[in-house]
Structures are given as C-alpha cells and as structure tokens.
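Colleague:
Number of protein chains: 2
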Amino acid sequence: MPNLTGQDEREEISHAIPYPTIRRMPAYHRYLKGLQSDGLAMVSCTRIAESLDLEPIQVRKDLAMTGTVGRPRIGYPVDALIGAIETVLGWDRWSEAFLVGAGNLGSAILGYRAFKAIGLNIVAAFDIDPRRVGKMIHDVPVLAMEKLANLARRMKIRIGVITVPAEAAEDAAKALVRGGIEAIWNFSPLALTGLHVGKDVIIENVSLASSLAVLIRRLGQTKAAQP
Amino acid sequence: MPNLTGQDEREEISHAIPYPTIRRMPAYHRYLKGLQSDGLAMVSCTRIAESLDLEPIQVRKDLAMTGTVGRPRIGYPVDALIGAIETVLGWDRWSEAFLVGAGNLGSAILGYRAFKAIGLNIVAAFDIDPRRVGKMIHDVPVLAMEKLANLARRMKIRIGVITVPAEAAEDAAKALVRGGIEAIWNFSPLALTGLHVGKDVIIENVSLASSLAVLIRRLGQTKAAQP
DNA sequence: TAGATTGTTAATCGATTAACAATC
DNA sequence: TAGATTGTTAATCGATTAACAATC
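Protein chains in written order, with my numbering: chain S, -7 to 219; chain W, -7 to 219.
Here it is in structure tokens:
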C-alpha cells in the first residue's frame, strides 16, 4: 500500500546501518588500505577478524551492510570494499570544517593528516587569544572569533570542531551555531546537549573521561580477579 | 550450594556494572559536582536526565548501580552520589601513568588538568626525538625512550598512554609492555590488538575516526531527510 | 571433487524502556 | 492528604552470535 500522506517517508537509501557497525568501519578501511598497498586483491572475513580482534561472523555482517558481495571460498574484493566503505561513511564527499580553540589539542587535530583522507577538511581555526590569531598552524590560518559566524555562513560550513577548555565550550558552540553550523564535534570535557545549542544541531561529544573510566574499570577487575 | 573448586569464583564486588553505564558515569559526576558547588544537597533523576539529555529511567538504573539510595519525592543525596561514583570508577585510588609521544596531542593530554581529578596521574613522558627529551611539559619531564622500560618496572607503573603517530604506535606499545605495563590507552589511529602486545594487556583504543564517522553519517542522514 | 567461505535465517544476549507498586 | 519520585519486575528492542544451506 503506497504512502499517500508523504509525511513519514524515510530515506531507504541509508539502509539503516547500525551505529556500532559505523564505528567499526574506519578500522576495516584502514586495514584494507594496508592490504591494498601490499597488492592483495581478495580477503576473507576470517582473516580480517583475526587481525582486528573481532568475530568472523560480525565482520561478515558488517561488510554485508556495504553492499559488497564476496565469493565463497575466495573472500571479498579489497578495492571494492574500500570504495564501498568510503561511500557508506560519506568520505567521498569532502566536509569542510571550522575549528575553535587553537591550543595544544587543536593543533594536534589540525596536524592529524589522516582526517584529510577521511572526509574532514579543516579550513580555518579560531581563537579568543590575540597572540594566536594571525598564525598558521599546519597550513591552517588562525582567525579571530569575531569573524567566525559571518565567514561560516559565507562559506557554507557545516561542521564545527571544538577544542577549547570546558569553561569556553558553550560560548564556542554558540558562536558556531550563529554561523549556521549543523554539526559539532566536541572535544571539550563539557558534554554539550540540545539545551546548549538547540535541538536541531547534531552533537558528537568525544568524552575522554568515558574512555578512561572504562580502562580503569577493566584494570580494577583484573586486579580483583587475581588474589 | 557452595563452590568447592575455588576455580571460577568471580569477584562479586564488581556487581557487573554494564560498560554503557560506566561510560555515562563521568558525565553524572561532572554534573553533580556542579550542583555541589551550587550548594544543592538533593537532586532528582528527572532533573539529571533533562540536563544530560537522557531518559529519567536510565538515570535511575545507572544511579542504582552505585548503591546510593534515593528518597521518593525528594531525590538522591548529591554528596553521597559523587562519592559512590568515584568509588565505582576507581577514582579514589590514583593511577600513575607514563605517556609516550610528547607532541601536540601528548602535550594536550598532559595539560588536561581534569584527568588529575579523575584518577590518572601522568608522572613522566617519553619521546624518541632528542630535541624534546629533557624538557618539562606542564610540569611533567620528557625522558628518552630507552629509560622507559626500566623506570616503569621500578615505579610499578600500570598504565601507559600512547600519543604517537600510527607508524610509531606498535613500537611504543611494545616498549610499554616491556616495562610491565598492564593497560594501554591508545590515541594513535592504529587500533592496537592482542596481536601487537599479547593477550593479557588491556587495550583501550580512542578512535577519533569512529567518532567522526558517526558524526558525518548523522549529518548525511539529516540532509537526505529534507528533500 | 572436497571443503572453506559466504549469505541468510533463527536464537541468544544484554541494554533500554515501560509499568506500577511502594514511599516519602 | 495528594502526588511526585523512587525501586523493581516485566516487556521491548536491537545487536551479536549461532546454525546451516548455498556456492565457488
């Protein structure tokens, strides 16, 4: 029965790939790139699983989401797989971004060349500290915060990266939103929410504290296990 | 019936808190600290949920894992909750750590004061670049890589932080393992596995690419949804 | 051919969400 | 007291894992 309302039509193109799968995709991509440069044309999920510490069945399920078909006994075509992953993750389309906070962390992100191959192209950095303004960091100019909003609108920037201390995070986010930015990649320890920036802004909080909490927990359990 | 074998006794002290809950704990902690400094004594899960963009029932379940009991109509005691979370996460016991790679990212981590309150105390940094050796970064000395293993054993260091480029990650990990380190917090783009360092070393990979992949995916879906 | 590997359907597992009685 | 909030048991949801036929 056709949907006559036109109201809740969802994009079937997305195939609704689960987020856990999305998160594993970059690791597959990196591994496959290695095989490619070694000249390997085909690879089995067993092999991938072994190298990446995953279950073969999980790799098979994940790869199936990309639409690439493998051949029994032979495996999957490496080149096709790489291309399919890049498409699924949207790495084929460049995403230009602004970065706020040109300190150590910001510089590290700017120098992280891998991002360029991964669909993130940071074209300008911003800082409130006048001593940093005017500099170039890894070929990216550092500009004054006042210029952010107008420039973002003019350049139609969609992604903002926040690498400022917790106290400055909310202001940074608001400046980005004023510039019409649609998604924020937040490295500050303050977890941003819809309350800070409005509901329609996509927020991805990189919580180092969460990651560390898991590490210390696992360490504690090991210790407890051995009397 | 009592377990007479003594073989598969598991530590019941851990209460098997699920990892998703562990990951949310730091956010609760940070929020509660804010309330505490505002002088609030009690807080309801409804309120916490609203501020952190979670469901009240999830907050209730998470807080229950800490063993803190709330009072109907009133809420949970803020001070007790903070203490309970710190205990659950092991933040009461300091964890001394070594860091490998004193570049931009390493400096950012060293300067991230929040970690000190969070159970991670980086006591020394190491680098292969002789120009960096001998310096102090945020009060932490940068030493030569050759000194790592011996010093780690002598100081009984359990945690290693890797902030080197992908090419150097495996060597850094191996140096840490030679020093008897039990857990590795890896910021390099190369996902480390048991194959690199042996099965009994705990590895926590911070994959920025995974996080970015999710962000770009969500951004793409938004775009697709609006025709 | 024999057998390793894929693709798919079903079973399991674990976390999230719902429901509701107990309680302050 | 009335009603908001907790604590707990049950239902739902979604991802992982298992099983196995199809296939090269």
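Think of the CB as a built atom: it goes at the ideal place given N, C-alpha and C, for glycine as much as any other residue.
For W:Pro234, return the contacting residues in chain S, with the cut-off set at a CB-CB distance below 7 Å.
Modeller: Outside the displayed range of chain W (-7 to 219) lies residue 234 of chain W, so it cannot be described from this structure.
Colleague: Three or more C-beta pairs closer than 8 Å, one from the region 127 to 135 of chain W and one from the region 89 to 103 of chain W: is that the case here?
Modeller: Short answer: they touch.
Colleague: List the residues of chain W that S:Ile208 touches, going by C-beta distances under 7 Å, in chain order.
Modeller: Near S:Ile208 (Cβ distances below 7 Å), the residues of chain W are Leu81, Gly82, Ser87, Gly111.
Colleague: Can you give the Cα-Cα distance for S:Arg63 and W:Arg170, rounded to whole angstroms?
Modeller: Their backbone Cα atoms lie some 42 Å apart in a straight line.
Colleague: Report yes if the CB atom of S:Gly98 is closer than 7 Å to the CB atom of S:Thr155, and no otherwise.
Modeller: Yes; because the gap between Cβ atoms is below 7 Å, this pair is in contact.
Colleague: Indicate whether at least one CB of chain W lies closer than 7 Å to the CB of S:Leu(-4).
Modeller: In this prediction, S:Leu(-4) scores a pLDDT of 35, lower than 50, which makes its location untrustworthy; the coordinate-derived value is nonetheless stated afterwards. Output row for S:Leu(-4): interface = no.
Colleague: Whole angstroms are fine: how far does the CA of S:Lys127 sit from the CA of W:Tyr11?
Modeller: Cα to Cα, the separation comes out at about 42 Å.
Colleague: Helix, strand or coil for S:Tyr104 per DSSP?
Modeller: If DSSP states are grouped into helix, strand and coil, S:Tyr104 belongs with coil.
Colleague: Out of W:Arg65, W:Ala136, W:Leu55, which one is the CA nearest neighbour of W:Leu81?
Modeller: Nearest of W:Arg65, W:Ala136, W:Leu55 to W:Leu81, Cα basis: W:Leu55.
Colleague: Would you call W:Thr58 buried or exposed, if buried means 16 or more other Cβ atoms sit within 10 Å of its Cβ?
Modeller: It is buried - the Cβ of W:Thr58 has at least 16 other Cβ atoms within 10 Å.
Colleague: Skipping 5 residues on each side, what residues in its chain have a beta carbon closer than 7 Å to that of W:Val187?
Modeller: Reading the sequence as shown, one finds Leu at residue 187 of chain W and not Val. Within the same chain, W:Leu187 has no close Cβ partners at all.
Colleague: For W:Tyr144, is the classification buried or exposed, using 16 other Cβ atoms within 10 angstroms of its Cβ as the cut-off for buried?
Modeller: Sequence inspection shows Ala at residue 144 of chain W; the Tyr mentioned does not correspond to that position. Under this definition W:Ala144 is a buried residue.
Colleague: Count the other CB atoms within 10 Å of the CB of W:Asn113; is the residue buried (16 or more) or exposed (fewer)?
Modeller: With fewer than 16 Cβ atoms within 10 Å of its Cβ, W:Asn113 is classed as exposed.
Colleague: Who are the neighbours of W:Leu44 on chain S, taking C-beta pairs under 8 Å?
Modeller: Residues of chain S passing the Cβ test: Ala183, Thr185.
Colleague: Check W:Asp119 in the structure and name its three-state DSSP category.
Modeller: Here W:Asp119 sits in strand by DSSP.
Colleague: If we require 4 or more residues per run, which alpha helix (DSSP H) segments fall completely within the region 58 to 112 of chain S?
Modeller: Whole alpha helix (DSSP H) segments, 4+ residues: 70 to 81, 96 to 103.
Colleague: Looking at C-alpha atoms only, which residue of W:Phe107, W:Ile176, W:Asn96, W:Pro48 is the closest neighbour of W:Pro18?
Modeller: Closest by alpha carbon: W:Phe107.
Colleague: Nearest chain S C-beta to W:Ala161 closer than 7 Å, yes or no?
Modeller: Chain S contact via Cβ: absent.
Colleague: Mapping DSSP to helix, strand and coil, what is S:Ile151?
Modeller: DSSP places S:Ile151 in strand when its eight states are reduced to three.
Colleague: So, are the CB atoms of S:Ala60 and S:Leu46 less than 7 Å apart?
Modeller: What sits at residue 60 of chain S in the sequence shown is Thr, not Ala. Contact flag unset, no.
Colleague: Quick one: does S:Arg124 have its CB under 7 Å from some CB of chain W?
Modeller: Taking Cβ atoms only, chain W never reaches closer than 7 Å to S:Arg124, which makes this a no.
Colleague: Cβ of S:Ala100 less than 7 Å from any chain W Cβ?
Modeller: With 7 Å as the cut-off, S:Ala100 counts as an interface residue toward chain W.
Colleague: Evaluate W:Ile151 with the Cβ neighbour count: other Cβ atoms within 10 Å of its Cβ, from every protein chain shown; 16 or more gives buried, anything less gives exposed.
Modeller: Buried, since its Cβ has 16 or more Cβ neighbours within 10 Å.
Colleague: I'd like to confirm the pairing. Which residues does DSSP put opposite W:Ile220 in its beta bridges?
Modeller: No answer is possible for residue 220 of chain W: the residues shown for chain W start at -7 and end at 219.
Colleague: Excluding the five sequence neighbours on either side, which residues of its own chain have a C-beta within less than 8 Å of the C-beta of S:Ser202, listed in chain order?
Modeller: Hits under 8 Å: none found.
Colleague: To the nearest angstrom, how far is the alpha carbon of W:Pro48 from that of W:Glu42?
Modeller: Answer to the nearest angstrom: the Cα atoms are 8 Å apart.
Colleague: What are the boundary residues of the alpha helix (DSSP H) that includes W:Ile40?
Modeller: First-last of the alpha helix (DSSP H) with W:Ile40: 37 to 44.
Colleague: Please check if any C-beta of chain W sits within less than 7 Å of the C-beta of S:Ile40.
Modeller: No - not a single Cβ of chain W is within 7 Å of the one on S:Ile40.
Colleague: Under 8 Å Cβ-Cβ, which residues of chain S neighbour W:Ala106?
Modeller: Residues of chain S passing the Cβ test: Ala158, Pro181, Ala201.
Colleague: Sorted by chain position, which residues of the same chain lie with C-beta nearer than 6 Å to S:Val153's C-beta, five sequence neighbours on each side aside?
Modeller: The answer, listed in chain order, is Ala89, Leu91, Trp177.
Colleague: So, under 8 Å CB-CB, S:Glu162 and S:Leu182 are touching, yes? Tell me the CB distance rounded to an integer number of Å.
Modeller: Sure, about 7 Å apart at Cβ, within 8 Å.
Colleague: Just to confirm my understanding: we take W:Ala94, look at its own chain, exclude 5 residues before and 5 after, and list those with CB closer than 7 Å. What are they?
Modeller: Excluding positions up to five away in sequence, the list reads Ala117, Asp119, Arg124, Ile129, Val134.
Colleague: Counting only beta-carbon atoms, is S:Arg145 nearer than 7 Å to chain W?
Modeller: Cβ-Cβ to chain W under 7 Å: no for S:Arg145.
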